[in-house]
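K.L.:
A single structure is presented below for examination.
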DNA sequence: TCTGTTTCGGAAATCGTTTACCCAACGGCT
DNA sequence: AGCCGTTGGGTAAACGATTTCCGAAACAGA
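Chains as they are written, first to last, in my numbering: chain A, 1 to 347; chain B, 1001 to 1347.
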């Protein structure tokens, strides 16, 4: 019966195998400078005792912890969980573990999470900063001794490399698409507007409207179903009702869709709808919803690859996309044409 | 300018503060046996140097790593990412970090992940076993020196405590609900049927049908949209077409919904639809889809709470649900009545 | 046989923290 | 003054792996 108390140590293995600790250590790490005979023997003993090297001790000797930290607003959010999944895959390919924490977009909680991760001596960090400008965050990042990559939202001044999708261009392109469809009053529903990404998308919308000499109409009030209902209803009953809606985030898109559906407004006939960010059932609902899609997994993957590149030098064997070594990696979005913007016939 | 090379150590802090390492250590851990004056002084020095204790060294002295491991099939899956979010919250409340790995339902990868986590000396583990019966997994769990909790799928013989939703009762209740609606030919679409959860749901369906003296008709062939289309089309054109569909997992529900929509079959008039497991837009699509919902976050939360209870004894201050101390915690599902089963008027 | 060169293996220092143990000073008491 | 309890603080030995150095065989060539 195995004692469930304390895991075996290297010297216990050594004693059991009748060799020194050095030999055991060498067997563990590749078996250099060990005769085949002793190698096999020690391996057998290790196997029998169920020995696993204590990472803490290894780390203490100045080695990597083989862990990286990920600080995101929420784990359950599909966008970030996809990011996390991709990052975890890259971490695994690089023999590392991923520690995930949720900041809930609270700068204070974010700092605390970072500090804890640092004290755990993670080899590197990926973070989606709650506030791109935060001085406290910048201070922390400056004195950091491990590489950091920002995702989704860059840190001001490119203090750390960032991987983001091209929110500006995506939104501009989406707006242009609506314009080309011939819509005349395109209203932009921003949802909450404190985030960097939303700001970029607003800029893109404004830019497109401006080049078309059309008035940019932004509504920042939509926070939930009720506010969406209120906003849309008053627009419809007011003068010059919109003939197209551009929603800048997922939840806003869904609220708008539900309200339009409830009000029996024809999409896209009466009002067209285009959303920023794809979501699982966008193609299942009727009419299916056109969106600007972000390369979600790619963001997580590239961020992690960049991180390991910094850790290993150029040894990024696992890097699949050739990303220019730069402080800001901007990944392209793409328009997915479905029905709600008027692109395909009916359903 | 701070050197970005090596983080400061306890003895460096001690030297800078003109005290011994013991004092510094005491200051870090609560400041017992230190005069207020030195305490403040040392704290200032720590702050100034940006000192953070090296967790690895602390762990080496036999302390907890303050990390727990989570092994799930996929991080991006909404079910498991919600679990993970809840578990992370509990971990944070217990001053611990959560390490997440993805097994992709591959027993081999699962074992490897577990081994890696163990070698990192996590304090405890939460795992959704790919295969409840696996001998290799059972062997590993048996010789483990840290507590483990299984989620979603129990390990055979209650080798470790498990937290699952009541798949059997949920499916039976759902089927009964369809029966009470008066549907006469209720077909069960299982999707892939290798998982424990699906088996339980099949049992539930069978039990309900049997008590109603109705023939259980199971179809295990639906794996994607194409197979769903084929299956449903042949059922409809065959003799005795079904008047209700009970789908046992999310993706199957969605495939079925899309196919019915494509074929212009009236839901629930011609065919009713009930799904197991809720999903975000189930209430947004038209008709909205009735489902048996699982207490997703609760599974993750309770699992983590159970884990920390085992770690701390009864000190589970953070435990909110009073869960009987038992090897198998079964959480109730609930029926969400929407339109697709014929419950509410139109949409 | 002697020397030089591999090859294999061990002893011991080291990483940064905690902690058991020891020590000094202080003050109050008889 | 002598004694003792209390309080604040230091010394050094762990913890478990890696790694540097060193030594002992083994072996070949002369």
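In this text, a Cβ means the ideal position worked out from N, Cα and C, and glycines have one as well. Since the model is a prediction, treat every value here as computed from it, not as a measurement.
Can you look up residue 1105 of chain B in the DSSP assignment and give me helix, strand or coil?
P.N.:
Three-state DSSP puts residue 1105 of chain B in coil, outside helix and strand.
K.L.:
Could you tell me the distance, in whole angstroms, from the CA atom of residue 1343 of chain B to the CA atom of residue 54 of chain A?
P.N.:
Computed Cα separation, rounded: 58 angstroms.
K.L.:
So, using beta-carbon positions, are residue 87 of chain A and residue 304 of chain A closer together than 7 angstroms?
P.N.:
Contact flag set, yes.
K.L.:
If you draw a straight line from the C-alpha of residue 1208 of chain B to the C-alpha of residue 1132 of chain B, how long is it?
P.N.:
For residue 1208 of chain B and residue 1132 of chain B, the distance between alpha carbons rounds to 25 angstroms.
K.L.:
Using a Cβ-Cβ cut-off of 7 angstroms, state whether residue 1294 of chain B counts as contacting chain A.
P.N.:
Not one chain A Cβ lies under 7 angstroms of residue 1294 of chain B.
K.L.:
Using a Cβ cut-off of 7 angstroms, which residues of the segment 123-153 of chain A contact any Cβ in chain B, in chain order?
P.N.:
Of all residues in the segment 123-153 of chain A, 143, 145 have a Cβ within less than 7 angstroms of some Cβ in chain B.
K.L.:
How about residue 1074 of chain B and residue 81 of chain A: do their beta carbons lie closer than 7 angstroms?
P.N.:
Against a cut-off of 7 angstroms, the Cβ pair of residue 81 of chain A and residue 1074 of chain B comes out as no contact.
K.L.:
Just the C-alpha distance for residue 182 of chain A and residue 214 of chain A, rounded to the nearest angstrom, thanks.
P.N.:
Taking the straight line from one Cα to the other gives about 12 angstroms.
K.L.:
How close, in whole Å, do the beta carbons of residue 174 of chain A and residue 281 of chain A come, if the pair is a contact with beta carbons under 8 angstroms?
P.N.:
Between residue 281 of chain A and residue 174 of chain A the Cβ distance is about 19 angstroms, and since that is not below 8 angstroms, they are no contact.
K.L.:
I'd like to know if residue 118 of chain A contacts chain B, where contact means its C-beta is closer than 7 angstroms to some C-beta of that chain.
P.N.:
Yes, its Cβ sits closer than 7 angstroms to a Cβ of chain B.
K.L.:
Can residue 1103 of chain B and residue 1084 of chain B be called in contact, C-beta distance under 7 angstroms?
P.N.:
Contact flag unset, no.
K.L.:
Could you name the residues of the same chain whose beta carbon sits closer than 6 angstroms to that of residue 149 of chain A, not counting the 5 residues immediately before and after it, in chain order?
P.N.:
Contacts found: 126, 161, 303, 306, 307.
K.L.:
If you draw a straight line from the alpha carbon of residue 1274 of chain B to that of residue 177 of chain A, how long is it in whole angstroms?
P.N.:
Their Cα atoms are separated by approximately 38 angstroms.
K.L.:
Would residue 322 of chain A be called buried (16 or more neighbouring beta carbons within 10 Å of its own) or exposed?
P.N.:
In this prediction, residue 322 of chain A scores a pLDDT of 40, lower than 50, which makes its location untrustworthy; no coordinate-derived value is stated.
K.L.:
So residue 1076 of chain B contacts chain A; which residues on that side make the cut at Cβ distance below 7 angstroms?
P.N.:
Within 7 angstroms Cβ-Cβ: 81, 82, 85.
K.L.:
Just how far apart, CA to CA, sit residue 229 of chain A and residue 221 of chain A?
P.N.:
Near 11 angstroms, if we compare the C-alpha coordinates of residue 221 of chain A and residue 229 of chain A.
K.L.:
In chain A, what lies closer than 9 angstroms to residue 1286 of chain B by C-beta?
P.N.:
Here the neighbours are 261, 285, 286.
K.L.:
For residue 276 of chain A, which beta-bridge partners are listed by DSSP?
P.N.:
Paired residue(s): A:292.
K.L.:
Rounding to the nearest angstrom, what Cα-Cα distance links residue 22 of chain A and residue 1116 of chain B in this structure?
P.N.:
Distance between the alpha carbons of residue 22 of chain A and residue 1116 of chain B is about 22 angstroms.
K.L.:
Could you have a look at residue 1124 of chain B and say whether DSSP puts it in helix, strand or coil?
P.N.:
Strand at residue 1124 of chain B.
K.L.:
Is residue 1071 of chain B closer than 7 angstroms to residue 1135 of chain B when the C-beta atoms are compared?
P.N.:
No, Cβ-Cβ distance for residue 1135 of chain B and residue 1071 of chain B is not below 7 angstroms.
K.L.:
By Cβ distance, which residues of its chain are closer than 7 angstroms to residue 184 of chain A, with the 5 residues on each side in sequence left out?
P.N.:
Excluding residues within five positions, the ones whose Cβ falls inside 7 angstroms are 243.
K.L.:
Assuming residue 96 of chain A contacts residue 118 of chain A under a Cβ cut-off of 8 angstroms, what Cβ separation, rounded to an integer in Å, is found between them?
P.N.:
Incorrect: roughly 16 angstroms between the Cβ atoms, too far for contact.
K.L.:
Determine the direct distance from the alpha carbon of residue 1236 of chain B to that of residue 340 of chain A, and round the result to whole angstroms.
P.N.:
Straight-line Cα distance between these residues: approximately 30 angstroms.
K.L.:
Is there a C-beta anywhere in chain A that falls below 7 angstroms from the one on residue 1331 of chain B?
P.N.:
Residue 1331 of chain B does not count as touching chain A.
K.L.:
Can you look up residue 69 of chain A in the DSSP assignment and give me helix, strand or coil?
P.N.:
Here residue 69 of chain A sits in strand by DSSP.
K.L.:
If I measure Cβ to Cβ from residue 324 of chain A and keep anything under 8 angstroms in the same chain, skipping five residues before and after, which residues do I get?
P.N.:
Residue placement at residue 324 of chain A is flagged as unreliable, the pLDDT there being 42, under the threshold of 50; the coordinate-derived value follows with that caveat. Contacts found: none.
K.L.:
Put residue 1244 of chain B into one of helix, strand or coil per three-state DSSP.
P.N.:
Reduced to three states, the DSSP call for residue 1244 of chain B is strand.
K.L.:
Could you tell me which chain A residues have their CB closer than 8 angstroms to the CB of residue 1257 of chain B, listed as they occur along the chain?
P.N.:
Ordered by position in chain A, the residues that pass the 8 angstroms Cβ test against residue 1257 of chain B are 284.
K.L.:
On the three-state DSSP scale, how would you describe residue 1042 of chain B?
P.N.:
Of the three classes helix, strand and coil, the one that applies to residue 1042 of chain B here is helix, per DSSP.
K.L.:
Span of the beta strand (DSSP E) holding residue 150 of chain A?
P.N.:
Its beta strand (DSSP E) spans residues 148-151.
K.L.:
In the DSSP output, which residue or residues are listed as bridge partners for residue 331 of chain A?
P.N.:
Paired residue(s): A:165.
K.L.:
State yes or no: is the C-beta of residue 292 of chain A within less than 7 angstroms of the C-beta of residue 276 of chain A?
P.N.:
Contact flag set, yes.
K.L.:
By the three-class DSSP mapping on this structure, what secondary structure does residue 195 of chain A have?
P.N.:
Looking at residue 195 of chain A - three-state DSSP - the assignment turns out to be coil, as it is neither helix nor strand.
K.L.:
Using DSSP with H/G/I as helix, E/B as strand and the rest coil, what is residue 1187 of chain B?
P.N.:
Looking at residue 1187 of chain B - three-state DSSP - the assignment turns out to be strand.
K.L.:
Could you tell me how far apart the beta carbons of residue 188 of chain A and residue 257 of chain A are, in whole angstroms, since I believe they sit closer than 8 angstroms?
P.N.:
Going by Cβ atoms, the distance from residue 188 of chain A to residue 257 of chain A rounds to 16 angstroms, so no, they are not a contact pair.
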